[in-house]
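These notes concern the structure reproduced below.
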Amino acid sequence: MTDTRYLAPQTLDEAVSAFAAAQGAARILAGGTDLLVQMRAGVANPGLIVDIKKIGEMTRITENADGSFTVGAAVSAASLADHPRFGKVWPGVLEAVNLIGSKQVQGRASPGGNLCNGSPAGDSVPAMVAAGAVVTIQGPNGRRQMPVEAFPAGPGKTNLAPGEILVSFTLPARAAGSGDAYLRMTPRTEMDIAVVCCGVSLTMKDGVCTAARVGLGAVAPTVMLVEDAAKALIGTKLDAAAVAAAAAACSAACRPINDKRGTIAYRTKVAGVLLKRAVAIAAERASRS
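Per our numbering, residue 4 is the first one in the sequence shown, and the count goes up by one each step.
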């Protein structure tokens, strides 16, 4: 086991410089709820830990003038829950974030770390996908953006280039008549890994769905944006036939595995069930927005 150095830079440029210079031997510390467990288990043994919690941009929640939100990659789940406005605008995203570990863990764990962990069952990710969140990334070659659904590359893998760091999420402004919801299926009610998870965001106008996005997790190597499910909802009054078609699209998109938490058949069925329930909750919230 090598000695691990610790660095807590004050600026993002300093963090990127140190992270890139380590040439793959460094790990980012946001909350540490994954990294420290991995280190104790011997799964991770970084030569350098770059702690990003002293960088202002990484720890701020900003409601922008256009109504969008920018959430730093190191913002904790607890901080997001305490924000006076975020949960009112994006209740489904907050529901998902609130399921990352226990209350104690949420004081440290961040949606940024949840995304970078690369788990297909990461709770915050399908909700962020449904929200249409875009991530900002910075590396040796500057800044770039990508939609959240393009970020995961496979179990435990991301599409970050060498030396790049996740900086923030931007969630778009909400139109009137919008609502979102997040649901997951777990064998236990608390602190479990999702067998299936689903996020839905939609906009209603005069009783008709004018926009929709559906994120699905734990049923494929990465969290997915299920465009066919959204297409089945848009232009309808969310009648039973439309919702059933969207549920069928979710089940059709599934590429799950059999494991001790669930079978392929079970996950495929539950994906459609969660879609129906999440649409109902999102629609009810849209009626009150």
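A virtual CB, placed ideally from N, CA and C, is assigned to each residue, including glycine.
Treat the numbers as computed from the prediction; the structure is a model and nothing was measured.
Asked	Found
As assigned by DSSP and simplified to three states, the class of ILE196	coil
Bridge partner(s) assigned by DSSP for SER181	THR206
From GLY50, ALA221, LEU241 and GLY115, residue whose alpha carbon lies closest to that of SER82	GLY115
Burial state of TYR9, where buried means 16 or more other Cβ atoms lie within 10 Å	exposed
Identity of the residue in ALA249, LEU39, ASN67 and ARG63 nearest THR7 by Cα	LEU39
Same chain only: Cβ atoms within 6 Å of MET131, ignoring 5 sequence neighbours per side	VAL151
Where THR65 falls, given that 16 or more other Cβ within 10 Å makes a residue buried	exposed
Every unbroken alpha helix (DSSP H) inside the segment 104-185 [4 residues or more]	106-109, 114-119 and 127-134
ALA127 versus GLU287 - alpha carbon distance	Before going on, a small fix: residue 127 reads as Ser here, not Ala. Cα to Cα, SER127 sits roughly 21 Å from GLU287.
Contacts around ALA23, its chain only, beta-carbon distance under 6 Å, and the 5 residues preceding and following it disregarded	PRO143 and GLY166
Closest Cα partner of ALA1 within the set ASN120, ARG187 and ASP231	Since the displayed the chain opens at 4 and closes at 292, residue 1 lies outside it and no answer follows.
Euclidean distance between Cα positions of ASN162 and ALA80	23 Å
Those residues which DSSP pairs with TYR9 across a bridge	ILE52
CB of ARG187 within 8 Å of CB of LEU102, strictly	yes
CB of GLY35 within 8 Å of CB of ARG111, strictly	yes
GLU98, enclosing alpha helix (DSSP H) - first and last residue	94-100
Burial state of ASP16, where buried means 16 or more other Cβ atoms lie within 10 Å	exposed
Residue range of the unbroken beta strand (DSSP E) whose run includes THR271	From DSSP, THR271 is part of no beta strand (DSSP E) but of the alpha helix (DSSP H) over 267-290.
Contact between the segment 264-280 and the segment 171-180 (3+ Cβ pairs under 8 Å)	no
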